[in-house]
Amino acid sequence: MYFRYMNGQRQLDPSTLHGGAPVLAGDKWIMTKWMRERAYG
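Residue numbers (the numbering used here): 6 to 46.
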């Protein structure tokens, strides 16, 4: 899954807000890959 957090005016797009739900049974796995336009640091 991939989506942008910024709109065309480089402002946060409120439609990208999301959250996770608690695990009621079983396991929950996540993975994050940060992709940047410029070098970090």
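Just so you know, even glycine gets a beta-carbon here, dropped at the ideal spot from N, CA and C.
Query: CA-CA distance, I35 and Y7?; Result: 14 Å
Query: Who are the near neighbours of M11 in its chain, counting only those whose CB is closer than 7 Å to its CB and skipping five residues on each side?; Result: L17, D18
Query: Output yes or no for whether 9 Å exceeds the beta carbon distance between G25 and K38.; Result: no
Query: When the Cα of T21 is compared with those of L29, R9, A30, which residue comes out closest?; Result: R9
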